[in-house]
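Under the working numbering, the first residue of the sequence shown carries the number 30, and numbering increases by one thereafter.
One structure is given below, encoded as structure tokens.
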Amino acid sequence: MIIAPSLLASNFARLASEVGRVERSGADWLHLDIMDGHFVPNISFGPGLVAAIRPLTKMTFDVHLMCSRPEILLDPFARAGADRITVHVELDGQVTSLIWKIRSLGRQVGLAVNPPTAMASVKPFLDQIDSLLVMTVNPGFGGQGFITECLPKIQQAAAWRRKLGLKFRIAVDGGVDFKTAASCASAGADTFISGTSLFEHKNLKSAVAKMRKAAQSHAVPRVSLLQ
Ligand code: DX5
Ligand code: ZN
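Written out as structure tokens, the structure is:
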């Protein structure tokens, strides 16, 4: 199980200490939401900020690009210290070349699918990715309610992974709290991105442990996965 707190929900006024708090919490990855004000109606932060916090931690940097033109951002984020870069399948015709480019930069490849987008759109790419990110809110803002209708998409991804003998991770992002993390784990998710529900706890370490426990106790048996 991977627990990935989303920096979007942290206190931006004291970012360095928030990164330290995540590092000490026992979380596995730091999730970094990149919003361009076009693909989604919000703007977050860019490669400059990612480069500035890179020396503060050894944690895996999981960069989620919610951007209309990710092709111009892959190099900058790779240089800034991203370990994994996730792009959206809604970019249609560009997906193959984006995956290739991320791979050629030596980074892990993630593919995200929005709630209204059919799972058929990700199927052709499953053997080329390291993680599938099933969005459980419409991207753009933290603190939204979990969309329960997305659970069958996680089950579908897990069924395909089993049938095709693949090892990509199944991540969920949006409205993930202790309860919805358990539902996602039962459906087959193994990677839990969570902003508001983790950061609202004063003790991030115990919140991460609680989420890990909720996920583990509902996990379905599976093949060994990519790290
Ligand atoms: C949503 C982002 C999420 C967000 C999750 O657009 O992709 O990563 O930070 O935040 P919560 O957990 O608050 O829904
Ligand atoms: Zn995200």
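The C-beta atom is built at its ideal place from N, Cα and C for all residues, glycine as well.
Item	Value
Residue 58 burial status per 10 Å Cβ neighbour count (16 or more: buried)	buried
Residues bridged to residue 60 [DSSP beta-bridge criterion]	35 and 91
Secondary structure of residue 156, DSSP reduced to three states	helix
Residue 114 in three-state terms, based on DSSP	strand
Alpha-carbon spacing of residue 39 relative to residue 228, whole angstroms	6 Å
Outcome for residue 93 when other beta-carbon atoms lying within 10 angstroms are tallied against a minimum of 16	buried
For residue 221: DSSP bridge partner residues	32 and 201
Residue 61 beta carbon near the ligand DX5 (any heavy atom closer than 6 Å)	no
Nearest-angstrom beta carbon gap, residue 86 and residue 113 [assumed within contact, 8 Å]	Actually they are not in contact, since the Cβ atoms of residue 113 and residue 86 sit about 15 Å apart, beyond 8 Å.
Nearest-angstrom Cα separation, counted from residue 182 out to residue 128	21 Å
Straight-line gap, residue 108 to residue 42 (C-alpha atoms, nearest Å)	25 Å
Separation of residue 138 from residue 157, as counted between CA atoms	8 Å
Sub-7 Å separation of residue 116 and residue 142 beta-carbons	no
Any non-hydrogen atom of the ligand DX5 within 6 Å of residue 33 CB	no
Where the alpha helix (DSSP H) containing residue 51 begins and where it ends	44–53
Contact set for residue 217: own chain, Cβ-Cβ below 7 Å, skip 5 residues either direction	183, 184, 186, 187, 199 and 249
7 Å Cβ cutoff met for residue 206 and residue 235	no
Near the ligand ZN: residue 300 beta-carbon under 6 Å from a heavy atom	Since the first residue shown for the chain is 30 and the last is 256, residue 300 is missing from the structure and cannot be characterised.
Beta-carbon proximity of residue 140 to residue 154, cut-off 7 Å	yes
The ligand DX5 heavy atom lying under 6 Å from the CB of residue 225	yes
Residue closest to residue 72, alpha-carbon to alpha-carbon, out of 49, 254, 104 and 37	37
Whole-angstrom distance between residue 62 and residue 74, CA atom to CA atom	8 Å
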